[in-house]
Amino acid sequence: MEKLPKIVGERLKAGAVAVDHPDPNVLSAFSEHLLPDRERGQVLEHLARCAECRDVIAISLPAEEPTVTVVRPLRGRWLSWPRLRWGLVAAGFIVVGSFGVLRYRASSHAEMVASYDASRAQEIEKAKSQTELPAAPAASTNEEKKTPQNGLLDSEVKSEPAPQAREFDRLEQFAKLQPPARDQRRDAGGARGTLRTQALPHGPKAAPTQQWQQNATANANNNAYAFQLQAPAPAAHTPAVPAEFARKQSSNQVVVTAQAPAASSADSVIGGPVTDKKVQDLDTLAVNARSLTVLQPSGSNAGAEVARAKPAEATPNANAPKRQLTDAYAVSTVNGSNFSQTAPLAAESARWSINAMGGLQRSLDQGKTWQNVDVTGTTGTGSGVSLQMAMKSSREKALAKDKADMKQAPVVFRAVSANGPDVWAGGSGGHLYHSTDAGGHWMQVVPTWSGVVLTDDIVSLQFADPLQGRIVTSSSEIWTTSDSGKTWQKR
Amino acid sequence: MSSSKSNPAVQAIASEMLAELHVKAGCDRVGLTRESFSTILCEVGTKYGASSEDEARTFFLSLRVDELALARACAAGENSAWEIFLTRYREKLYLSALRIAREDSAARELADTLYADLYGTTTREGQRVSKLASYTGRGSLEGWLRTVLAQEYVNRYRRTKRLVSLDEESEEGVQFRAPDPEPVPTSDNRLARATDAVLADLPAEDRMVLSAYYLDGRTLAEIARMLGVHESTISRKLDKMAKSLRKQIVAALTKDGMSRRQAEEALEVDVRDLQVDIRRSLAQETQPPAFSEKSVEARVPEGEG
Chain P
26 MEKLPKIVGE RLKAGAVAVD HPDPNVLSAF SEHLLPDRER GQVLEHLARC AECRDVIAIS
86 LPAEEPTVTV VRPLRGRWLS WPRLRWGLVA AGFIVVGSFG VLRYRASSHA EMVASYDASR
146 AQEIEKAKSQ TELPAAPAAS TNEEKKTPQN GLLDSEVKSE PAPQAREFDR LEQFAKLQPP
206 ARDQRRDAGG ARGTLRTQAL PHGPKAAPTQ QWQQNATANA NNNAYAFQLQ APAPAAHTPA
266 VPAEFARKQS SNQVVVTAQA PAASSADSVI GGPVTDKKVQ DLDTLAVNAR SLTVLQPSGS
326 NAGAEVARAK PAEATPNANA PKRQLTDAYA VSTVNGSNFS QTAPLAAESA RWSINAMGGL
386 QRSLDQGKTW QNVDVTGTTG TGSGVSLQMA MKSSREKALA KDKADMKQAP VVFRAVSANG
446 PDVWAGGSGG HLYHSTDAGG HWMQVVPTWS GVVLTDDIVS LQFADPLQGR IVTSSSEIWT
506 TSDSGKTWQK R
Chain H
10 MSSSKSNPAV QAIASEMLAE LHVKAGCDRV GLTRESFSTI LCEVGTKYGA SSEDEARTFF
70 LSLRVDELAL ARACAAGENS AWEIFLTRYR EKLYLSALRI AREDSAAREL ADTLYADLYG
130 TTTREGQRVS KLASYTGRGS LEGWLRTVLA QEYVNRYRRT KRLVSLDEES EEGVQFRAPD
190 PEPVPTSDNR LARATDAVLA DLPAEDRMVL SAYYLDGRTL AEIARMLGVH ESTISRKLDK
250 MAKSLRKQIV AALTKDGMSR RQAEEALEVD VRDLQVDIRR SLAQETQPPA FSEKSVEARV
310 PEGEG
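From first to last, the protein sequence lines are chains P and H.
The numbering used here numbers the first residue of the first sequence as 26 and each following residue consecutively.
The numbering used here numbers the first residue of the second sequence as 10 and each following residue consecutively.
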């Protein structure tokens with residue numbers, strides 16, 4: 026502090042007077058700051074000259090209570106303006122950030138659905154073009170190297186001109202693979218197998234998005250076209266089991282067949298003549314009686330059973346394809362309507378878990394109720410996976426055949442990873458299923474890396490986003506993908 | 010104080026507000042009649058010179074009428090009022106005395122002296138005169154009691170200061186203190202005049218702050234509490250004043266005919282302005298080193314021997 030010239034202190038002292046002290050009332054009122062300005066000025070003037078009264082004022086000050094009263098407001102400043110201002114800024118960031126995240130998720134979901142729809146449309150187109158070619162040479166030579174879609178259609182086409190002897194050989198092979206429940210109904214397998222192969226293309230039509238619903242009519246037309254092409258299959262009384270067998274062979278590698286759900290839905294077989302109305306009723310019953318996810322396979326089975334009943338009654342063959350078309354369409358309609366009601370919920374809020382039996386479960390109501398999800402019934406294949414399939418070696422085929430045998434037993438799931446509508450589920454024997462529509466449809470994915478196929482049990486699945494994923498197997502292998510499962514790297 | 014000397018405006022307002030203030034003061038509780046309370050209000054209002062009716066109304070509303078009634082009832086010897094007073098202020102009075110005297114026995118003595126004054130040991134015209142009768146309700150009764158205690162303490166201290174024994178002085182080291190040097194006679198009174206003029210221009214509050222800090226040795230915190238401002242305000246004010254006073258005095262001196270150099274020399278001429286810390290320099294000169302070389306040298310042969 027600046028030093029005061031000594032002369033100032035001396036003159037202050039010289040100017041001091043000690044007369045007319047204010048009375049204690051005025052001094053106490055001064056201390057308590059209760060005096061009006063005029064009186065306060067008078068008291069200050071006196072205090073400037075009177076050391077005694079300054080002393081009195083100084084030593085009569087109360088204890089440190091005012092300090093306490095100064096501190097208390099500081100404590101209560103949680104709602105002061107600066108804090109509120111920063112709080113508002115932080116809240117604004119949170120709101121903007123969450124809005125951005127929601128927008129990103131919504132847009133990415135829409136893109137995924139659109140791309141899936143487009144790929145399905147391409148496949149259908151491709152299938153249509155192949156069915157127009159009579160007796161494709163590849164069909165008779167090497168069915169295993171076909172893509173799943175090609176395999177399916179091959180079976181349909183091939184069932185027409187195939188020689189009886191060869192068909193019976195395959196039938197025998199197929200009989201070995203079939204479980205006893207299947208053997209009882211093998212006689213009707215022709216129509217059924219055919220219909221199943223037809224039911225699969227309906228997958229996209231039954232998909233949860235509205236876009237697919239809008240495309241339903243177009244798809245139905247496509248399907249109708251496909252059905253008419255294959256109509257001669259039952260008419261020629263050719264056992265269509267090879268068709269199913271062919272499909273099965275192809276599905277050994279990629280697609281899970283509808284056999285398991287078919288076996289489980291064997292009780293829904295109807296023996297007598299069935300009308301369209303009945304089929305729809307049956308589908309509705311299936312919807313009510315079973316969980317949502319089993320609905321589609323059960324629906325397709327019902328349609329298959331209807332179709333199977335037709336030749337048994339020697340119904341005019343011309344009716345069969347019509348019947349099948351109607352049934353298949355009814356199935357897709359039922360499924361489509363149900364998914365359209367539940368899919369938005371599923372996409373946004375579906376929860377996934379694995380029960381004690383290794384079954385995949387989904388909850389659409391925040392975990393209050395859980396529905397078993399059958400990934401095999403809604404299986405489709407992606408084009409990326411098909412390419413992998415085409416590159417498989419014969420050794421892998423043998424492996425795949427073994428896997429086909431294993432497939433008779435239900436898959437025991439061990440890990441599930443959901444990222445909005447993008448769901449991955451993995452389990453025993455390297456089974457890996459992928460759904461991009463919150464479980465509406467499933468594709469089996471076979472991770473392959475430089476000729477090595479993932480066959481160990483999948484014990485952990487991590488998909489940070491729809492593209493980036495990581496799998497840990499029971500043999501501590503780590504498989505990663507960065508393109509939604511199209512290609513894989515093993516570490 | 011008789012009512013005949015009362016200001017008519019104060020009387021009018023006092024009678025107008027009597028009913029309201031009587032209730033507010035709780036006079037019934039302490040046994041104070043309306044008439045005596047009216048007399049008290051007129052006396053207080055007249056004493057502090059409320060001239061207009063508005064001033065008088067504001068003044069009466071600012072009074073601590075409840076404490077005024079209590080104090081005056083005590084002064085009048087009302088037992089119920091004394092009970093309330095003792096219940097409310099006995100402990101506070103002692104704590105205030107302890108804070109002022111800083112020692113228990115002195116604090117009790119101080120408090121007892123005040124109790125005697127409050128009760129009224131002196132008589133005037135055959136009537137006991139209580140100090141509480143001088144309370145006017147301008148500040149709180151507690152603040153008034155502290156001020157009365159402080160006044161009593163300051164008066165007593167000043168009385169006893171004159172009777173300090175030589176032993177006490179020697180104990181405190183006062184005896185050996187160099188006497189304050191006589192003020193250096195200046196060649197003319199121009200410096201004193203210029204300083205007085207500059208100080209007279211200062212506001213009363215600033216002069217009070219200067220006096221309290223430089224003459225009384227009060228701390229910044231004490232001065233701040235006396236004036237009800239923050240400590241930093243006083244610090245800034247003092248710093249600013251010390252700078253501006255020097256400039257203003259130099260300016261006044263140059264205006265009075267001195268050259269700037271002469272004026273600055275006149276300000277610095279006092280030897281007491283020298284910033285020499287004699288105590289420290291003396292201590293440094295006389296302080297022996299912790300281990301002298303001699304003692305170390307002396308010890309080595311002893312160890313060897």
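Note that the Cβ used here is the ideal one computed from N, Cα and C, for glycine as well.
Determine the closest residue to residue i out of the options, with distance taken between C-alpha atoms.
{"i": "Val44 (chain P)", "options": "P:Ser53, P:Ala73, P:Glu35", "result": "P:Ala73"}
{"i": "Arg255 (chain H)", "options": "H:His239, H:Asp265, H:Ala272, H:Met267", "result": "H:Ala272"}
{"i": "Ala135 (chain P)", "options": "P:Lys515, P:Ser475, P:Ala463, P:Val497", "result": "P:Ala463"}
{"i": "Ile483 (chain P)", "options": "P:Ser475, P:Gly452, P:His466, P:Trp467", "result": "P:Gly452"}
{"i": "Phe46 (chain H)", "options": "H:Lys56, H:Glu62, H:Asp75, H:Asp63", "result": "H:Asp75"}
{"i": "Gly40 (chain P)", "options": "H:Arg216, H:Asn164, H:Met235", "result": "H:Arg216"}
{"i": "Val33 (chain P)", "options": "H:Leu219, H:His239, H:Thr263, H:Arg234", "result": "H:Leu219"}
{"i": "Ser67 (chain H)", "options": "H:Ala201, H:Val19, H:Arg165, H:Gly86", "result": "The sequence given here places Thr at residue 67 (chain H); Ser does not occur at that position. Answer by Cα proximity: H:Val19."}
{"i": "Ala90 (chain H)", "options": "H:Arg133, H:Ala110, H:Met235, H:Leu141", "result": "H:Leu141"}
{"i": "His456 (chain P)", "options": "P:Glu150, P:Phe438, P:His466", "result": "P:Phe438"}
{"i": "Ala381 (chain P)", "options": "P:Trp504, P:Gln469, P:Val436, P:Trp111", "result": "P:Val436"}
{"i": "Leu72 (chain H)", "options": "H:Ala116, H:Lys33, H:Arg117", "result": "H:Lys33"}
{"i": "Thr156 (chain H)", "options": "P:Gly66, P:Leu52, P:Val121", "result": "P:Leu52"}
{"i": "Gly86 (chain H)", "options": "H:Leu102, H:Ala106, H:Leu127", "result": "H:Leu127"}
{"i": "Pro49 (chain P)", "options": "H:Glu214, H:Ala159, H:Arg168", "result": "H:Ala159"}
{"i": "Arg202 (chain H)", "options": "H:Ser149, H:Glu214, H:Lys264", "result": "H:Lys264"}
{"i": "Gly58 (chain H)", "options": "H:Thr96, H:Glu151, H:Asn16, H:Ile93", "result": "H:Asn16"}
{"i": "Ser1 (chain P)", "options": "P:Thr505, P:Glu57, P:Trp106, P:Arg376", "result": "This structure cannot settle anything about residue 1 (chain P), because the visible part of chain P is limited to 26 through 516."}
{"i": "Leu224 (chain H)", "options": "P:Ser85, P:Val441, P:Asp80", "result": "P:Asp80"}
{"i": "Tyr162 (chain H)", "options": "H:Leu102, H:Thr132, H:Ala106", "result": "H:Ala106"}
{"i": "Ser475 (chain P)", "options": "P:Arg36, P:Val126, P:Thr512, P:Gln469", "result": "P:Thr512"}
{"i": "Thr498 (chain P)", "options": "P:Gly454, P:Lys151, P:Gln391", "result": "P:Gly454"}
{"i": "Arg36 (chain P)", "options": "H:Leu200, H:Ala125, H:Ala251, H:Met250", "result": "H:Leu200"}
Which one or two residues does DSSP pair with residue i in a beta bridge?
{"i": "Ala440 (chain P)", "result": "P:Gly451"}
{"i": "Tyr458 (chain P)", "result": "P:Ala450, P:Gln469"}
{"i": "Arg387 (chain P)", "result": "P:Trp377, P:Gln396"}
{"i": "Ile119 (chain P)", "result": "For Ile119 (chain P), which the question treats as bridged, DSSP gives no partner whatsoever."}
{"i": "Phe488 (chain P)", "result": "P:Gly494"}
{"i": "Val477 (chain P)", "result": "P:Trp474"}
{"i": "Trp504 (chain P)", "result": "P:Ile496, P:Lys515"}
{"i": "Ile483 (chain P)", "result": "P:Thr498"}
Using the C-alpha atoms, what's the distance from residue j back to residue i?
{"i": "Glu181 (chain P)", "j": "Gln147 (chain P)", "result": "Any reading at Glu181 (chain P) must be qualified, since the residue scores a pLDDT of 43, below 50, and its modelled position is unreliable; the value itself is stated next. Near 19 angstroms, if we compare the C-alpha coordinates of Gln147 (chain P) and Glu181 (chain P)."}
{"i": "Arg137 (chain H)", "j": "Gly129 (chain H)", "result": "5 angstroms"}
{"i": "Ala261 (chain H)", "j": "Pro212 (chain H)", "result": "18 angstroms"}
{"i": "Val448 (chain P)", "j": "Thr461 (chain P)", "result": "6 angstroms"}
{"i": "Ala546 (chain P)", "j": "Arg108 (chain P)", "result": "Residue 546 (chain P) is absent from the structure shown; chain P starts at 26 and stops at 516."}
{"i": "Glu151 (chain H)", "j": "Leu113 (chain P)", "result": "46 angstroms"}
{"i": "Ser442 (chain P)", "j": "Trp106 (chain P)", "result": "45 angstroms"}
{"i": "Ala116 (chain H)", "j": "Trp111 (chain P)", "result": "52 angstroms"}
{"i": "Leu236 (chain H)", "j": "Asn88 (chain H)", "result": "38 angstroms"}
{"i": "Glu62 (chain H)", "j": "Arg43 (chain H)", "result": "21 angstroms"}
{"i": "Ala375 (chain P)", "j": "Gly445 (chain P)", "result": "8 angstroms"}
{"i": "Arg145 (chain P)", "j": "Ala139 (chain P)", "result": "10 angstroms"}
{"i": "Leu479 (chain P)", "j": "Leu389 (chain P)", "result": "31 angstroms"}
{"i": "Asn167 (chain P)", "j": "Val120 (chain P)", "result": "Confidence at Asn167 (chain P) is low in this model, with a pLDDT of 46, below 50, so the placement of that residue should be treated as unreliable; the coordinate-derived value is given next. Taking the straight line joining both Cα atoms gives about 58 angstroms."}
{"i": "Lys393 (chain P)", "j": "Ser378 (chain P)", "result": "12 angstroms"}
{"i": "Thr55 (chain H)", "j": "Leu154 (chain H)", "result": "23 angstroms"}
{"i": "Thr340 (chain P)", "j": "Trp395 (chain P)", "result": "Because the pLDDT of Thr340 (chain P) is 40, which lies under 50, any placement of that residue in the model is unreliable, and the number read from its coordinates should be weighed accordingly. Computed Cα separation, rounded: 42 angstroms."}
{"i": "Gln67 (chain P)", "j": "Ser60 (chain H)", "result": "17 angstroms"}
The ligand SAH and residue i: does any heavy atom of the ligand fall closer than 7 angstroms to the residue's C-beta?
{"i": "Tyr98 (chain H)", "result": "Among the ligands in the structure shown, none appear at all, so the ligand SAH cannot be discussed."}
Would you be able to state if there are at least three C-beta pairs under 8 angstroms between the segment 54-68 of chain P and the segment 239-249 of chain H?
Between the segment 239-249 of chain H and the segment 54-68 of chain P, the count of Cβ pairs shorter than 8 angstroms is below three; the stretches do not touch.
Within 8 angstroms, do at least three Cβ pairs link the segment 16-30 of chain H to the segment 38-54 of chain H?
Flag = yes, the segment 38-54 of chain H and the segment 16-30 of chain H touch.
Along the chain, which unbroken stretches of the alpha helix (DSSP H) at least 4 residues long are found entirely within the segment 109-160 of chain H?
Counting whole runs of 4 or more residues, the segment 109-160 of chain H contains the alpha helix (DSSP H) stretches 113-128.
For the segment 28-40 of chain H and the segment 74-84 of chain H, state whether three or more C-beta atom pairs, one from each stretch, are separated by less than 8 angstroms.
Of all C-beta pairs linking the segment 28-40 of chain H to the segment 74-84 of chain H, three or more are shorter than 8 angstroms, placing the two stretches in contact.
Is the segment 249-264 of chain H touching the segment 204-213 of chain H, taking contact as three or more C-beta pairs under 8 angstroms?
The answer is yes - the segment 204-213 of chain H touches the segment 249-264 of chain H, with three or more Cβ pairs under 8 angstroms.
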